[in-house]
Amino acid sequence: MIKKSNYTLIYILFILLYSNYSAAQFIGDWEARPTIYAKYKPNDKLSFEAKYEHRLFKNFSQYKKSVTGVEVEYKIKTNSQWYFKPTLDYRFEFDNNQTAHDLRYATSLGFDVSKKLNIEYTPILQHIISEGQQPVYFFRNELELTYQFTKKFSLFIFTENYQLIQQGFQFNTQKYGLGAEYLINSKSAIECKFDIKHLYTNKNTARLMLGYIFILH
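Per this note's numbering, the very first residue in the sequence shown carries number 3; after that it's consecutive.
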């Protein structure tokens, strides 16, 4: 039964990957996000993360903005396979002209299909406060599948839907992506991610992220 579930979910991974590739043929802009993380996990339940992103756009040619952020997660296991993970994520965005506060409140529902395969659904309430503008609220639904090939290497793929709350939960964005994480040693890891954001205007933006993770003990 577990093997059949694994094959089914891996098949879904390839379907999402193909959708991502099809959308990539109509990309309007490419963005890059080199990122530095610091992660601290005092126990099996609680984890903290701080990060800095340097964002480029217009086909990697121009500076877009910088983002600093902190995130707190608390994982609650209900049994050997199911868990909840409440998360609070705060980000401060700034460029040459404007600043913004980005707050995200989420509770993930996760299921360990097997020792290697995991599926996680995350509803997110996003609240953006920009200087000189009205606050913006999004309701986001994310679905992510992760496969742990070895103790050091994992692959994940995800899709996420954005609904603009002010306009009666109107569709705003659909995102597709995939990524990988490699544990170098007990103190560092590397994460890379590629995703495509499809806006309600039918514009597609591709984003590449390469992150170096410092693991604190």
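By construction, the Cβ of each residue, glycine as well, lies at the ideal position given by its N, Cα and C atoms. Since this is a predicted model, take the numbers as computed values, not measurements.
For the pair residue 129 and residue 149, the Cα-to-Cα distance works out to about 31 Å. With a 10 Å radius around the Cβ and a threshold of 16 neighbouring Cβ atoms, residue 140 comes out buried. Residue 86 and residue 50 have their C-alpha atoms roughly 16 Å apart. Residue state for residue 150 is assigned as strand, using DSSP reduced to three classes. Pairing residue 216 with residue 40 gives a Cβ-Cβ distance under 7 Å. Put simply, of 30, 82, 202 the residue whose alpha carbon is nearest the alpha carbon of residue 61 is 30. Excluding its 5 nearest sequence neighbours in each direction, residue 192 has C-beta neighbours in its own chain below 8 Å: 183, 184, 186, 212, 213, 214, 215, listed in chain order. Distances from the CA of residue 36 to each of 46, 58, 43, 28 were compared; the closest alpha carbon is that of 58. With respect to the C-alpha of residue 34, the residue from 71, 54, 210 having the closest C-alpha is 210.
In the displayed model, residue 168 falls within a helix according to three-state DSSP. The DSSP assignment places no complete alpha helix (DSSP H) segment of no fewer than 4 residues inside the region 102-147.
Here residue 80 is not near residue 108, since their CB atoms are 7 Å or more apart. Here the alpha carbon of residue 134 sits roughly 14 Å from the alpha carbon of residue 97. Taking each of 136, 105, 153, 44 in turn and checking the Cα distance to residue 119, the smallest one comes out for 153. Ranked by how close their Cα comes to the Cα of residue 142, the residues 116, 106, 113, 121 have 106 in first place.
The C-beta separation of residue 180 from residue 155 comes to about 14 Å, leaving the pair out of contact by the 8 Å criterion. Across the set 121, 204, 99, 205, the C-alpha of 121 shows the shortest separation from the C-alpha of residue 160.
Check the Cα spacing between residue 84 and each of 66, 68, 111: the tightest is with 111.
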